[in-house]
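J.: Please find one structure pasted underneath; my questions will follow.
There are 2 protein chains.
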Amino acid sequence: MTDEQLDKYRSSIDNIDAALVHLLAERFKVTQEVGRYKASVGLPAADPAREDRQVERLRALAEESGLDPVFSEKFLRFIVAEVIHHHQRIAEEGPCGAGADPTA
Amino acid sequence: MTDEQLDKYRSSIDNIDAALVHLLAERFKVTQEVGRYKASVGLPAADPAREDRQVERLRALAEESGLDPVFSEKFLRFIVAEVIHHHQRIAEEGPCGAGADPTA
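Printed below as a string of structure tokens:
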């Protein structure tokens, strides 16, 4: 094995990372819509029951695909924390963004 | 908008999450190979210069795809922390896994 070998591994990692970033961008597009929807109907940003169902499902998918299920849960919590942070900002700013009447 | 709307959003999120889990499983397969390789040639688990290059690249990809670049950096650091943890375990256990001669 040479450093060529390391470069080969890293090129695969870089490809996977590009795919992950693009998927995450899509995921946040959807959750921003959810945030606006929740703010418009007055639903709270967090939904612990939904989160528990997601954790269960992702742990099962992780086992299937050879990912550490503990990591899959850590990963979901990490993403959800960011999403809730976004939702809270949307709820504070109003569904139309900064400048929306906070008393509306 | 009804709860049907929320269910629709959630179904998209669930699909994206399944894709993310499978990509992460692939990514860890590659980094486990890297960990074994690094342990076999005595390279350290962490490589801060490589990590800086990855952060720069992912921030650019994030901007392109509409993801918050700050989040893309947090995301990479989160993944890399897990990978380094794996590499250290491999280095301690030896490239052949638990039970390998630690004095070899």
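For the protein sequence lines, the chains are Y and H, in the order given. Taking the working numbering, the leading residue of the first sequence gets 1, the next gets one more, and so forth. Taking the working numbering, the leading residue of the second sequence gets 1001, the next gets one more, and so forth. Just so you know, even glycine gets a beta-carbon here, dropped at the ideal spot from N, CA and C.
Kindly list the residues whose CB is nearer than 7 Å to the CB of H/Glu1051, restricted to its own chain and excluding five residues on each side of it in sequence; keep chain order.
T.: Excluding positions up to five away in sequence, the list reads Val1080.
J.: Residues of chain Y with a CB under 7 Å from the CB of H/Ala1039: which are they?
T.: Those do not exist, as H/Ala1039 stays about 12 Å from chain Y at its closest Cβ, beyond 7 Å.
J.: Inspect the beta-carbon positions of Y/Ser72 and H/Val1021 and report whether they are closer than 8 Å.
T.: Contact: yes.
J.: If you measure beta-carbon to beta-carbon, which residues of the region 17-37 of chain Y are closer than 8 Å to chain H?
T.: For the region 17-37 of chain Y, which is checked against every Cβ of chain H, the residues closer than 8 Å are Asp17, Ala18, Ala19, Leu20, Val21, His22, Leu23, Leu24, Ala25, Glu26, Arg27, Phe28, Lys29, Val30, Thr31, Glu33, Val34, Tyr37.
J.: Mind reading off the beta-carbon distance from Y/Arg36 to Y/Ile84? Whole number of angstroms is fine, and I expect it under 8 Å.
T.: Contact doesn't hold; Cβ gap of about 14 Å is too wide.
J.: How long is the line joining the alpha carbons of H/His1087 and Y/Glu63, rounded to whole angstroms?
T.: Approximately 21 Å, taken between the alpha carbons.
J.: Which value, in whole angstroms, describes the spacing of the CA atoms of Y/Arg57 and H/Leu1006?
T.: Taking the straight line from one Cα to the other gives about 18 Å.
J.: With 8 Å as the limit, tell me which residues of the region 1075-1093 of chain H have their beta carbon closer than that to any beta carbon of chain Y; keep them in chain order.
T.: Residues passing the 8 Å Cβ filter: Phe1075, Leu1076, Phe1078, Glu1082.
J.: Would H/Leu1023 and Y/Ala19 qualify as a contact pair, given that the criterion is a beta-carbon distance under 8 Å?
T.: Taking 8 Å as the Cβ cut-off, H/Leu1023 and Y/Ala19 qualify as a contacting pair.
J.: Tell me where the alpha helix (DSSP H) around H/Leu1023 begins and ends.
T.: Start and end: 1003-1041.
J.: Determine which residues of the region 47-62 of chain Y have a Cβ less than 9 Å from any Cβ of chain H, and write them out in chain order.
T.: Within the region 47-62 of chain Y, the residues whose Cβ lies closer than 9 Å to some Cβ of chain H are Arg50, Gln54, Arg57, Leu58, Leu61, Ala62, listed in chain order.
J.: Can H/Gly1066 and Y/Ala46 be called in contact, C-beta distance under 8 Å?
T.: Cβ distance not < 8 Å, so H/Gly1066 and Y/Ala46 don't count as in contact.
J.: Would you kindly work out how many angstroms separate the C-alpha atoms of Y/Pro44 and Y/Lys38, rounded to a whole number?
T.: Between Y/Pro44 and Y/Lys38, the C-alpha separation is close to 7 Å.
J.: Chain H beta carbons: is any one of them nearer than 8 Å to that of Y/Gly42?
T.: No, Y/Gly42 does not count as interfacial toward chain H.
J.: Measuring only the C-alpha atoms, how far is H/Ile1016 from Y/Glu92?
T.: Each residue's alpha carbon lies about 27 Å from the other.
J.: Where does H/Leu1067 fall in DSSP's three states?
T.: The answer is coil: DSSP assigns H/Leu1067 none of H, G, I, E or B.
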